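To keep things clear, I will list the structure first and then write my remarks on it.
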Amino acid sequence: MQPSATLSAYAPLASSLASRPVSGLVSSPVPCPMSGPSAADARRPELARLRRRIDDAFDAFAAWPDPSQQAEFARRIHAALAAASAARPWLTDAERAGDPQRYRRHLLAADPLGRYAIVSLVWQPGQWSPVHGHQTWCGYTVLDGTLTETLYDWDASAGLAIEKRSHPRAPGAVSFVRAGHGIHRLGHGGQGDHGDNLYARPAVSLHVYGVPGERIATDVNDVVRVAETAHA
């Protein structure tokens, strides 16, 4: 699988992250409640299997300074998330707990070498992420419920993201994107159709980010400015 081409590159932002402020960049991190892993997490076979497959992907590209740039690495992460999504429900009740104010993160596991972190995100009906790009590679799959993903193009001359299209992301949907190559928004609701049964109950997604666990809140998302005509 090739790294996602559906999310537009925003190289003017990604190439300048070290010299903020950048035109179009609003803030990082994204406010969001987050809990940490329990000692029992590492003993769950589903989580252990996911970690092993991610480790194998890194091992296969150990000679590369940035494995995420390789199509085969992306394919392996995609396959690992697809397998985790297809497994019987394996998150604990605590890892499915939401927050009434905003979507919530639960840190499930952090690679001891600092290469990645695995997180569950819990979405109450009507909760959305900000429009954002990614400082790091990331992959996600939907475990329960249906999310809506809105994709954006980057207008370098205006320094703004422009809404392109939206589509539902049903259970089992998987996505992978490299750092600096995507602007999107995830949420648990339809565009103007929050009463739909698809969005009546909480949704849960599983994410892998290419950062150490302690840096999830600071080094994953870059919130970007959006053209006034885009969905806000």
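Residue 81 is where the sequence shown starts when you use this note's numbering, and the numbers rise one by one after that. We treat Cβ as the ideally placed atom computed from N, Cα and C, and that holds for glycine. As the structure is a prediction and not an experimental result, all values here were calculated from the model.
Could you check whether residue j and residue i sit closer than 9 Å to each other, using their CB atoms as the reference points?
i, j, result
"Arg195", "Gly290", "yes"
"Gln181", "Asn301", "no"
"Pro282", "His268", "yes"
"Glu243", "Val306", "yes"
"Val303", "Tyr220", "no"
"Leu266", "Leu227", "yes"
"Trp170", "Leu127", "yes"
"Ala197", "Gly293", "yes"
"Val222", "Arg249", "yes"
"Ala159", "Arg133", "yes"
"Ile296", "Arg184", "no"
"Leu161", "Leu130", "yes"
"Val284", "Gly225", "yes"
"Ala199", "Ala241", "Ala is not the amino acid found at residue 199; the sequence shown has Val there. Going by C-beta atoms, Val199 is not nearer than 9 Å to Ala241."
"Ser148", "Trp217", "yes"
"Phe256", "Ala190", "no"
"Gly260", "Gly213", "yes"
For residue i, does the count of other Cβ atoms within 10 angstroms reach 16, so buried, or fall short, so exposed?
i, result
"Trp79", "With the chain running from 81 to 312 in the structure shown, residue 79 is simply not present."
"Gly206", "exposed"
"Glu175", "buried"
"His264", "buried"
"Pro125", "exposed"
"Ser108", "With a pLDDT of only 38 at Ser108, under the threshold of 50, the placement of this residue in the model should not be trusted; the figure read from the coordinates follows. The residue in question, Ser108, is buried, as its Cβ has 16 or more Cβ neighbours within 10 Å."
"Arg156", "buried"
"Ser237", "exposed"
"His247", "exposed"
"Arg245", "exposed"
"Pro145", "exposed"
"Ala143", "exposed"
"Pro192", "exposed"
"Ala164", "buried"
"Ala151", "exposed"
"Ala280", "exposed"
Where does residue i sit, in a helix, a strand or coil, going by DSSP?
i, result
"Pro248", "strand"
"Phe256", "strand"
"Ser84", "Reliability of the predicted coordinates at Ser84 is poor, the pLDDT of 38 falling under 50, and no value is obtained from them."
"Ala98", "Confidence is the limiting factor: at Ala98 the pLDDT is only 29, short of 50, which leaves the residue's position unreliable, though a coordinate-based value still follows. If DSSP states are grouped into helix, strand and coil, Ala98 belongs with the helices."
"Gly269", "coil"
"Glu308", "coil"
"Pro147", "helix"
"Ile134", "helix"
What does residue i pair with, by DSSP beta-bridge criteria?
i, result
"Glu243", "Tyr232"
"Arg124", "Partner(s): none; Arg124 has no beta bridge."
"Ser263", "At residue 263 the sequence reads Ile, which differs from the Ser that was named. Its beta-bridge partners are Gly213."
"His287", "Val199 and Tyr220"
"Asp302", "Gly213"
"Leu161", "Per DSSP, none; premise fails for Leu161."
"Leu227", "Arg249"
Say the cut is 8 Å; is the CB of residue i nearer than that to a heavy atom of the ligand ZN?
i, result
"Pro145", "The ligand ZN is not part of the structure shown, which contains no ligands of any sort."
Can you check the stretch 168-223 for any alpha helix (DSSP H) of at least 4 residues that lies completely inside it and give the ranges in chain order? Within the stretch 168-223, no complete alpha helix (DSSP H) run reaches 4 residues.
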